[in-house]
Ligand SMILES: NC(=O)c1ccc[n+]([C@@H]2O[C@H](COP(=O)([O-])OP(=O)(O)OC[C@H]3O[C@@H](n4cnc5c(N)ncnc54)[C@H](OP(=O)(O)O)[C@@H]3O)[C@@H](O)[C@H]2O)c1
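Residue numbers (mature numbering (1 follows the signal peptide of the UniProt record, and there is no 0)): -22 to -1, 1 to 351.
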């Protein structure tokens, strides 16, 4: 048997020669595939290398979780691990040590991601490049051109040179494309746009069209058809986890009744003034991770100063801990076990939003909680 480090060195060397760059993670094509599938707790789970059991015994699951999670799913027991138990968030102030949590699929998800809505194709590449340089590894995008630019996000990812295994890429299916076959077609276009052969987390963006969102192009099916297609892609290994966005508690219940692959994440609006506790409680009960969007108050409209970042309570808490209102809001959200995905085109804000390794007192958390009561 080759030792873990021997395989790492051999494959890294081979990759460097092949690609002219040093890679930190081995190329799976050079390792060989075992390909046996086991089913545990309804999840498909397998080791893709004959050395997995030995590596796991040697504690590589703890030392090299990203590689082992990908290659040795069974030996790492990632398919049977506790569903969505958030790990402690690192309390350093270095800004780069982003916490991770296990999804109910076993996949690890960084708790601080980078949002990319509303930047247009003009700013997306530069902003995502800044974010990746600052240390973000979780990037949130979507197929909806109304707000996002998957292509430019993909260009930034491809140009970054960051090993794919180190990234957590999230995208979302537009409701105009609901329908079994159409979902699969659009999924392939996301893979192309994002320069990848798998997606870490794929959401249904909305349960249905609203306003003029699908004007001139009505969907060929419902979210149920789209979900079945995503389940097929999940079983084919093209997507690691499935989720829904903007589903109400009632719609989430309907999904839980029909899903053969349980949703791993729900993405919805939450900020201190409108926290959306009911949906979060339901997610907790069901072992589903809650990702908050627009944590910094952008859903309150632009006709007045942002009521979240200008809240006197949040500002006072920030002065007490020498942090900005944005950092206080993001820390508060993490303390409520939310995953956060702040968006910024300002390099200083991009860095600041990762520097969340500080504590808020119980009294401060209670003051912020009271804003949404
Ligand atoms: N699933 C959905 O339907 C849905 C809906 C909305 C959003 N989302 C996702 O959630 C992400 C975040 O939500 P969002 O884009 O609505 O907005 P957000 O992250 O809540 O807020 C962004 C705004 O806050 C400002 N900002 C960021 N960091 C700051 C800081 N440290 N100090 C002061 N101001 C700061 C930004 O301005 P600067 O650029 O000047 O920093 C920008 O105006 C989106 O980008 C998207 O990925 C999903």
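Positions of the beta carbon are idealized from the N, C-alpha and C atoms, including for glycine. These figures come from a predicted structure and were not determined experimentally.
Note to self: Let me confirm a value: residue 100 is counted as buried when at least 16 other C-beta atoms fall within 10 Å, else exposed. Which label applies?
What the structure shows: As a position in the chain shown, residue 100 is number 122, starting the count at 1. Classification of residue 100: exposed, given that the 10 Å Cβ count is below 16.
Check: Does DSSP classify residue 176 as helix, strand or coil?
Finding: The count along the chain shown starts at 1 and reaches residue 176 at position 198. Three-state result, residue 176: coil.
Next item on the list: Could you tell me whether the Cβ atoms of residue 116 and residue 146 are closer together than 7 Å?
Entry: Position 138 of the chain shown holds residue 116. Position 168 of the chain shown holds residue 146. Cβ atoms of residue 116 and residue 146: closer than 7 Å.
Check: Comparing the CB of residue 304 with every heavy atom of ligand 1, is any distance shorter than 6 Å?
Finding: Numbered from 1 along the chain shown, position 326 holds the residue referred to as residue 304. Correct: residue 304 has its Cβ closer than 6 Å to ligand 1.
Item checked: Anticipated Cβ contact below 8 Å, residue 336 with residue 301, distance rounded -> Numbered from its first residue, the chain shown carries residue 336 at position 358. Numbered from its first residue, the chain shown carries residue 301 at position 323. Indeed they touch by this definition, with Cβ atoms about 6 Å apart.
Note to self: Taking a contact to mean a Cβ-Cβ separation below 7 Å, would you say residue 222 touches residue 177 in this structure?
What the structure shows: Looking up residue 222 in the chain shown gives position 244. Looking up residue 177 in the chain shown gives position 199. No, Cβ-Cβ distance for residue 222 and residue 177 is not below 7 Å.
Checklist line | Coil, strand or helix - residue 211 by DSSP | finding: Against the chain shown, residue 211 aligns to sequence position 233. Correct three-state label for residue 211: helix.
Item checked: Straight-line Cα distance separating residue 209 from residue 236 -> For this step, residue 236 is matched to residue 258 along the chain shown. For this step, residue 209 is matched to residue 231 along the chain shown. If you take the alpha carbons of residue 236 and residue 209, they lie about 11 Å apart.
Item checked: DSSP state of residue 253 mapped onto helix, strand, coil -> In the chain shown, residue 253 corresponds to position 275, counting from 1. Residue 253 falls in the coil class under three-state DSSP.
Margin query: Quick check on residue 231: buried or exposed, where buried means 16 or more other Cβ atoms within 10 Å of its Cβ?
Written below: By one-based count along the chain shown, residue 231 stands at place 253. By the neighbour-count rule (16 or more Cβ atoms within 10 Å), residue 231 is not buried but exposed.
Check: Are residue 247 and residue 272 closer than 7 Å when you measure CB to CB?
Finding: Mapped onto the chain shown, residue 247 falls at position 269. Mapped onto the chain shown, residue 272 falls at position 294. Taking 7 Å as the Cβ cut-off, residue 247 and residue 272 qualify as a contacting pair.
Next item on the list: Out of 134, 341, 46 and 215, state which residue places its alpha-carbon closest to the alpha-carbon of residue 165.
Entry: Locating residue 165 in the chain shown gives position 187, counting from the first residue. Ranking 134, 341, 46 and 215 by Cα distance to residue 165 puts 215 first.
Margin query: Closest to residue 274 by C-alpha separation, out of 241, 28 and 310, would be which residue?
Written below: In the chain shown, residue 274 corresponds to position 296, counting from 1. Residue 274 has its Cα closest to that of 310, out of 241, 28 and 310.
Notebook entry, point to check: Quick one: any contact between the stretch 129 to 149 and the stretch 90 to 108, if contact means 3 or more CB pairs under 8 Å?
Noted result: yes
Next item on the list: Could you tell me the distance, in whole angstroms, from the CA atom of residue 77 to the CA atom of residue 194?
Entry: Taking the first residue of the chain shown as 1, we reach residue 77 at position 99. Taking the first residue of the chain shown as 1, we reach residue 194 at position 216. In a straight line, the C-alpha of residue 77 is about 43 Å away from that of residue 194.
Check: Alpha carbon to alpha carbon, what distance is there between residue 154 and residue 196?
Finding: Translated into positions along the chain shown, residue 196 becomes position 218. Translated into positions along the chain shown, residue 154 becomes position 176. Distance between the alpha carbons of residue 196 and residue 154 is about 6 Å.
Margin query: residue 83 and residue 219 - do their beta-carbons sit closer together than 7 Å?
Written below: Start at 1 with the first residue of the chain shown, and residue 219 comes out as number 241. Start at 1 with the first residue of the chain shown, and residue 83 comes out as number 105. The answer is yes: Cβ separation under 7 Å.
Next item on the list: Starting from the Cα of residue 240, find the closest Cα among 299, 179 and 190 and give me that residue.
Entry: Start at 1 with the first residue of the chain shown, and residue 240 comes out as number 262. Comparing Cα positions, the closest option is 179.
Check: For residue 7, which residues of its own chain have a beta-carbon under 7 Å away from its beta-carbon, when the five flanking residues on both sides are left out?
Finding: For the purposes of this step, residue 7 is taken as residue 29 along the chain shown, with counting starting at 1. Confidence at residue 7 is low in this model, with a pLDDT of 22, below 50, so its placement is unreliable and the value that follows should be read with caution. Taken in chain order, the list of residues that qualify is empty.
Next item on the list: Please report how far the alpha carbon of residue 329 lies from the alpha carbon of residue 122, in whole angstroms.
Entry: Taking the first residue of the chain shown as 1, we reach residue 329 at position 351. Taking the first residue of the chain shown as 1, we reach residue 122 at position 144. One Cα belongs to residue 329, the other to residue 122, and the distance between them is close to 26 Å.
Check: When we look at the beta-carbon of residue 150 and count the other beta-carbons within 10 Å, is it buried (16 or more) or exposed?
Finding: As a first step, residue 150 is located in the chain shown; it is residue number 172 there, counting from the start. Residue 150 comes out buried.
Notebook entry, point to check: How is the beta strand (DSSP E) around residue 216 delimited, first residue to last?
Noted result: Taking the chain shown and counting its residues from 1, the one referred to as residue 216 is at position 238. Counting along the chain, residue 216 falls outside any beta strand (DSSP E), and DSSP gives it neither H nor E.
Next item on the list: Compute the Euclidean distance between the alpha carbons of residue 34 and residue 97, then round it to the nearest angstrom.
Entry: Mapped onto the chain shown, residue 34 falls at position 56. Mapped onto the chain shown, residue 97 falls at position 119. C-alpha separation (whole angstroms): 43 Å.
Check: What did DSSP end up calling residue 158 once you bin it into helix, strand or coil?
Finding: Taking the first residue of the chain shown as position 1, residue 158 is located at position 180. Residue state, collapsed to three classes: helix.
Next item on the list: Report the rounded CA-to-CA distance for residue 169 versus residue 253, giving the unit in angstroms.
Entry: Working through the chain shown from its first residue, we reach residue 169 at position 191. Working through the chain shown from its first residue, we reach residue 253 at position 275. Approximately 33 Å between the Cα atoms of the pair.
Next item on the list: Look up residue 25 in the DSSP assignment and give the residues it is bridged to.
Entry: As a first step, residue 25 must be located in the chain shown, where it is residue number 47. DSSP, once it has assigned bridges, lists 50 as partnering residue 25.
Check: If you run the structure through DSSP and keep just helix, strand and coil, what is residue 150?
Finding: Numbered from 1 along the chain shown, position 172 holds the residue referred to as residue 150. In the structure shown, residue 150 falls within a strand segment according to DSSP collapsed to helix, strand and coil.
Next item on the list: Determine the closest residue to residue 201 out of 158, 112, 347 and 27, with distance taken between C-alpha atoms.
Entry: Within the chain shown, residue 201 is the residue found at index 223, counting from 1. It is 158 whose Cα lies nearest to the Cα of residue 201.
Margin query: I'd like to know whether the C-beta atoms of residue 25 and residue 50 end up nearer to each other than 7 Å.
Written below: For the purposes of this step, residue 25 is identified with residue 47 of the chain shown, where counting begins at 1. For the purposes of this step, residue 50 is identified with residue 72 of the chain shown, where counting begins at 1. Residue 25 is a Cβ neighbour of residue 50, given a cutoff of 7 Å.
Margin query: Using the three-state DSSP reduction, which class does residue 92 fall into: helix, strand or coil?
Written below: In the chain shown, residue 92 corresponds to position 114, counting from 1. Correct three-state label for residue 92: strand.
Check: Considering only the beta carbon of each residue, do residue 112 and residue 332 sit closer than 7 Å?
Finding: Against the chain shown, residue 112 aligns to sequence position 134. Against the chain shown, residue 332 aligns to sequence position 354. In contact: residue 112 and residue 332 (Cβ atoms closer than 7 Å).
Notebook entry, point to check: Does ligand 1 have even one heavy atom less than 6 Å from the beta-carbon of residue 171?
Noted result: In the chain shown, residue 171 corresponds to position 193, counting from 1. Outside the cutoff, so no.
Margin query: I'd like to check one pair, residue 317 with residue 119: are the Cβ atoms closer than 7 Å?
Written below: The count along the chain shown starts at 1 and reaches residue 119 at position 141. The count along the chain shown starts at 1 and reaches residue 317 at position 339. Not closer than 7 Å, so no.
Notebook entry, point to check: Tell me which same chain residues have a C-beta within less than 6 Å of the C-beta of residue 13, skipping the five on either side of it?
Noted result: Stepping through the chain shown from its first residue, residue 13 is reached at position 35. With a pLDDT of 36 at residue 13, under the threshold of 50, the predicted position of this residue should be treated as unreliable, though the coordinate-derived value follows. No residues qualify anywhere along the chain.
Checklist line | Per-residue burial, residue 28 [other beta carbons within 10 Å of its own, 16 or more giving buried] | finding: Working through the chain shown from its first residue, we reach residue 28 at position 50. Residue 28 should be labelled exposed.
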